[in-house]
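Visitor: First the structure, then my questions, so here it is.
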Amino acid sequence: MASPSLPELGHAPSKIKVKTTWPEVPPNVERTPIRTERLLIRPFDAADVEALFEMRQQPEVMRWTSFGAVDKDIDQSRTFVERFLPPNDTKTYNFVVVYLGDAGESNDANGVVIGAAGAHKTSYHLGWPEVGYMFRKEYWNKGLGTEFLRGFSKAWWALPRNEVEIEVDPASVEGREEGRSEKNDGDVIEVPEILTAMIEAKNVGSMRVLEKAGFREYKRWTEPDSRVGFEGLDAELVAFLLTAPES
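Each residue of the sequence shown is one higher than the last, beginning at 1 in the working numbering.
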């Protein structure tokens with residue numbers, strides 16, 4: 001399952017100001033690893049570079065990333081990992097994903113690193129945090145993407161939060177559920193927080209994974225593709241959102 005994220009492309013929508021909530025992201029040292037039936041979702045460690053370099057050598061995986069090509073050497077993978085280590089760790093809520101096998105087959109000590117996933121951007125040009133994931137190709141089509149998203153989302157919504165006013169893509173707050181948005185005195189819309197994902201329309205497998213995990217599509221657009229090897233082509237991008245559960 002390749003990453004559903006294609007960040008850093010040129011789309012820059014107009015914004016509207018909303019009142020909502022925003023998570024307090026803890027540093028790696030204070031994060032509790034997330035356990036699901038088959039996965040351990042834990043903070044990054046500098047020692048993960050070699051395992052993630054192996055994954056980032058797989059063209060099938062890297063095609064769906066913003067760069068579009070495999071890492072040229074292990075130093076490029078090290079730069080990727082350092083984005084999620086101190087002192088940068090509080091800028092994202094991203095994790096290493098370890099496969100523990102089917103129930104009862106393995107434990108935390110002998111699991112294998114199969115990917116990286118989480119809220120790799122806590123603010124970007126649509127205004128909301130964005131979740132993404134990338135798994136080694138050997139672990140695609142096993143339901144692990146959906147399993148990750150369900151486990152991660154539960155931990156994400158459990159983080160402490162503050163009320164904030166931010167600017168977001170208007171399309172992300174259109175058609176809100178009855179009673180879950182309102183106008184404030186300052187003409188600022190109060191809306192529930194959302195978590196987004198952005199993928200290329202050709203990445204049908206990841207679209208299905210997002211839908212199974214409760215995300216819904218809210219917007220499509222086309223723009224020039226900035227990935228290596230895709231110069232001169234257009235990419236159709238699809239934005240998904242997941243609304244915070246009602247408290």
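Virtual Cβ for every residue (Gly too), placed ideally from N, Cα, C. Please read these numbers as outputs of a predicted model, since none were measured by experiment.
#1: Start and end of the alpha helix (DSSP H) containing Val-61?
#2: Per DSSP, what kind of secondary structure is Val-204 in: helix, strand or coil?
#3: Would you mind listing the beta strand (DSSP E) stretches within the segment 83-135 that are 3+ residues and don't spill past its ends, in chain order?
#4: Find out if the Cβ-Cβ distance for the pair Gly-127, Ser-77 is shorter than 9 Å.
#5: Compute the Euclidean distance between the alpha carbons of Leu-149 and Pro-192, then round it to the nearest angstrom.
#6: Is it buried or exposed, Arg-35, if we count other Cβ atoms within 10 angstroms and call 16 or more buried?
#7: Which word fits Gly-145, buried or exposed, when buried means at least 16 other C-beta atoms lie within 10 angstroms of its C-beta?
#8: Give the range of the alpha helix (DSSP H) segment to which Lys-137 is assigned.
#9: Consider the C-beta atom of Ala-171 and the heavy atoms of the ligand HEM; say whether any pair is separated by less than 8 Å.
#10: Identify whether Pro-43 lies in helix, strand or coil by the three-state DSSP scheme.
#11: Count the other CB atoms, across all protein chains shown, that sit within 10 Å of the CB of Val-238; report buried if there are 16 or more and exposed otherwise.
#12: Using CA coordinates, which residue listed in Glu-165, Ala-117, Lys-137, Ala-158 is at the minimum distance from Glu-147?
#13: Using CA coordinates, which residue listed in Ala-119, Gly-132, Ser-226 is at the minimum distance from Trp-157?
#14: Between which two residues does the beta strand (DSSP E) harbouring Leu-52 extend?
#15: Decide if Ser-206 is buried, meaning its Cβ has at least 16 other Cβ atoms within 10 Å, or exposed.
#16: Between the Cα of Leu-195 and those of Trp-22, Pro-86, Ser-14, Ser-226, spot the shortest distance and give me the residue it belongs to.
#17: Run through the DSSP bridge pairs and tell me what Trp-221 is partnered with.
#18: Going by DSSP, name the residue or residues bridged to Glu-231.
#19: Looking only at its own chain, which residues have a Cβ that is under 6 Å from the Cβ of Glu-246, when we skip the five neighbours before and after it?
#20: How is Ser-14 classed by DSSP in three states: helix, strand or coil?
#21: Considering only the beta carbon of each residue, do Gly-111 and Val-131 sit closer than 9 Å?
#22: Look up Val-168 in the DSSP assignment and give the residues it is bridged to.
#23: Just the Cα atoms here: how many angstroms apart are Leu-159 and Glu-24?
#24: If you measure between the beta carbons of Tyr-93 and Thr-65, is that distance less than 9 Å?
#25: Between Val-164 and Leu-241, what straight-line distance do the alpha-carbon atoms span, to the nearest angstrom?
Guide: According to the data block:
#1: 59-62
#2: helix
#3: 93-99, 112-121, 130-135
#4: no
#5: 19 Å
#6: exposed
#7: buried
#8: Where Lys-137 is concerned, there is no enclosing alpha helix (DSSP H), given that its DSSP letter is neither H nor E.
#9: Judged by which ligands are present, the structure shown has none, so any question about the ligand HEM falls away.
#10: coil
#11: buried
#12: Ala-117
#13: Ala-119
#14: First-last for Leu-52: 49-55, but that is the alpha helix (DSSP H), not the beta strand (DSSP E).
#15: buried
#16: Trp-22
#17: Leu-237
#18: DSSP output for Glu-231 lists no bridge partner at all.
#19: none
#20: coil
#21: no
#22: Ile-16
#23: 6 Å
#24: no
#25: 19 Å
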